[in-house]
Amino acid sequence: MINPRTAARAQSGAANDLAAAASSSSSSSSAPAPRPPPAYIDIGANLLDGMYRGKYQGKKYHEPDLDAVLSRARKANVVAQIVTSGSLSESRQSISLCSQPGKEDLYCTVGCHPTRSKEVAKHPGGLKAYMAALDELLTEHSKHNGGRVVAVGECGLDYDRLFFSTEEEQKPVFEAQLDLAIKHRLPLFLHNRNSTNDFLAILEPRLEELKGMAASPTPAHRAGVVHSFTDSREEMDRFLSLGFYISVNGCSLKTEDQLTTIAACPLDRLMLETDAPWCSLKASHASAKHKGHYGQDWKDIYEPAAVKREKKDVAGNEGKMVKDRNEPCAIGQVSGVVARLKGADVRQLAEVCERNTRWVFGL
Ligand SMILES: [Zn+2]
């Protein structure tokens, strides 16, 4: 259950930011007041990434600016974010971030990313001890027990980057996390890269348990979402037929084939994410020709001014984004492209995606 008091506080915080954004832009010109932006939930925000502490490939370029990132997200009416965890230690850090006062709009996942599977074997006590530690976090911090954890993940398989962890290292780690999702009645936050056959061979036998079916005491329980979807139309159809949702970010919209695939995803199975600080929409992507469809009056909130990371701490640049570092406020850019592909109104698309997200994660 979500504490209604904290939910109300989070919403009023977002509303205050919106009001401030509206009044500051309307006072600077005689243009009509901007339309209030639709509400979004960013289901994939990697807020623990070093880039939000000013660190890029191990080198420090600027002071931490996560609070400014969150403030820009709230101005863009991102009413909630699901912070992605990729390991046991990240799961602990995510929970602690989401538990900070003023961050009631943040939720998180608990789990182990396939590329981090190697660390499971190295963990004292191996797979069993690692999963027991995740289990403990889920018991203590699951949303069912009043905590901030809304999914198990991100988990799955990644055969594009086998130099991090081999297929044989990844599979048992993925399988063990299905046990956790079933035990804690939480949806899966799934990652699949060039591994669909093995991915489905692991998921399918557990599907009925994962869906919770009639035995589940939690009506909002659903099997989960394939995040950062980059696979083919055929693979999407396989995931959809099994009941999974599809989540879209800039990396899902790079090529013409991908645009055609996403256009074919039914609205009632779509979710939106940024995968920030990664997966921005780029001028070289097929999505570029549809960019800005959300309307120019929202450009400032979805595409705020950005500076190079070297210049971030220069006076006057405090409120600016960093070039090539994605942020949750940019979710409106993703939504604009997807709305165009679906022939839907941006607000209608945002509402459907928010509803899908709340249903799956029980928000
Ligand atoms: Zn991923």
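Numbering (full-length UniProt numbering), first residue to last: 1 to 363. Where is the CB? At the ideal position from N, CA and C, for every residue including glycine.
Roughly how many angstroms lie between the CA atoms of residue i and residue j, to the nearest whole one?
i, j, result
"Ser195", "Arg35", "43 Å"
"Lys312", "Gly343", "38 Å"
"Leu127", "Cys112", "11 Å"
"Asn16", "Asn77", "Because the pLDDT at Asn16 is just 41, under 50, the model does not fix this residue reliably, and the value given afterwards should be weighed accordingly. Answer to the nearest angstrom: the Cα atoms are 10 Å apart."
"Arg206", "Lys103", "35 Å"
"residue 402", "Glu318", "Here the chain has residues from 1 to 363 only, and residue 402 is not among them."
"Gly362", "Gly224", "11 Å"
"Glu209", "Ala315", "55 Å"
"Pro172", "Val337", "37 Å"
"Lys320", "Gly125", "45 Å"
"Glu234", "Tyr245", "15 Å"
"Ala350", "Val334", "10 Å"
"Ala129", "Cys98", "25 Å"
"Trp359", "His141", "19 Å"
"Asp300", "Ala133", "43 Å"
"Leu106", "Ala121", "30 Å"
"Lys143", "Tyr302", "30 Å"
"Gly50", "Ile182", "32 Å"
"Trp298", "Pro101", "29 Å"
"Pro64", "Ser71", "14 Å"
"Tyr159", "Ala283", "28 Å"
"Val69", "Ser117", "30 Å"
"Gly291", "Tyr40", "According to the sequence displayed, residue 291 carries Lys and not Gly. Those two C-alpha atoms are separated by around 18 Å."
"Phe189", "Lys60", "31 Å"
Given a threshold of 16 other Cβ atoms within 10 Å of its Cβ, counted over all protein chains shown, does residue i qualify as buried or as exposed?
i, result
"Thr357", "buried"
"Ser26", "Confidence is the limiting factor: at Ser26 the pLDDT is only 42, short of 50, which leaves the residue's position unreliable, though a coordinate-based value still follows. Burial call: exposed."
"Gln348", "exposed"
"Gly146", "exposed"
"Arg161", "exposed"
"Gly58", "exposed"
"Glu119", "buried"
"Gly44", "buried"
"Lys308", "exposed"
"Ala176", "buried"
"residue 370", "Nothing in the structure corresponds to residue 370, since the chain is present only between 1 and 363."
"Gly212", "buried"
"residue 385", "No answer is possible for residue 385: the residues shown for the chain start at 1 and end at 363."
"Ser96", "exposed"
Report the partner residues of residue i according to the DSSP bridge assignment.
i, result
"Met271", "Ser247"
"Arg193", "Asp158"
"Lys55", "Lys60"
"Cys108", "Val83 and Val149"
"Ser142", "Val149"
"Leu188", "Val152 and Gly224"
Identify, in the order they occur along the chain, each residue of the same chain with its Cβ nearer than 8 Å to the Cβ of residue i, setting aside the five sequence neighbours on each side.
i, result
"Asp42", "Ala73, Val78, Ala80, Gln81, Ile82, Leu272, Glu273, Thr274, Ala276, Pro328 and Ile331"
"Arg355", "none"
"residue 396", "Since the first residue of the chain shown is 1 and the last is 363, residue 396 is not available in this structure."
"Ala286", "Leu253, Lys254, Thr255, Glu256, Gln258 and Leu259"
"Met236", "Phe229, Ile246, Thr261, Ala264 and Cys265"
"His293", "Gly336, Val337, Ala339, Arg340 and Val346"
"Arg92", "Leu137"
Among the residues of its own chain, which have a CB less than 7 Å from the CB of residue i, if the five just before and after it don't count?
i, result
"Leu66", "Leu47 and Tyr52"
"Ala306", "Lys320, Met321, Val322 and Lys323"
"His62", "Gly54, Arg309, Lys312 and Asp313"
"His123", "Ala129 and Tyr130"
Below 6 Å CB to CB, which residues in the same chain sit around residue i once its five sequence neighbours on both sides are set aside?
i, result
"Gly250", "Cys279, Ser280 and Leu281"
"Phe164", "Thr115"
"Ser94", "Val83, Ser85 and Cys108"
"Leu267", "Val352"
Shortest alpha-carbon distance to residue i belongs to which of the options?
i, options, result
"Cys155", "Thr109, Arg161, His141 and Pro124", "Thr109"
"Val149", "Glu90, Ala283, Tyr56 and Lys118", "Glu90"
"Ser232", "Gln93, Ala286 and Thr261", "Thr261"
"His184", "His227, Tyr159 and Glu136", "Glu136"
"Asn326", "Val346, Pro304 and Asp105", "Pro304"
"Glu204", "Ser142, Pro64 and Phe239", "Phe239"
"His227", "Lys211, Ser241, Pro187 and Glu63", "Pro187"
"Pro37", "Gly295, Leu341, Arg340 and Glu310", "Gly295"
"Arg340", "Cys353, Lys289 and Leu70", "Lys289"
"Arg269", "Ala68, Gly243, Ala283 and Lys291", "Gly243"
"Arg222", "Val69, Ala151 and Ala39", "Ala151"
"Leu88", "Lys291, Leu138, Ala39 and Tyr56", "Leu138"
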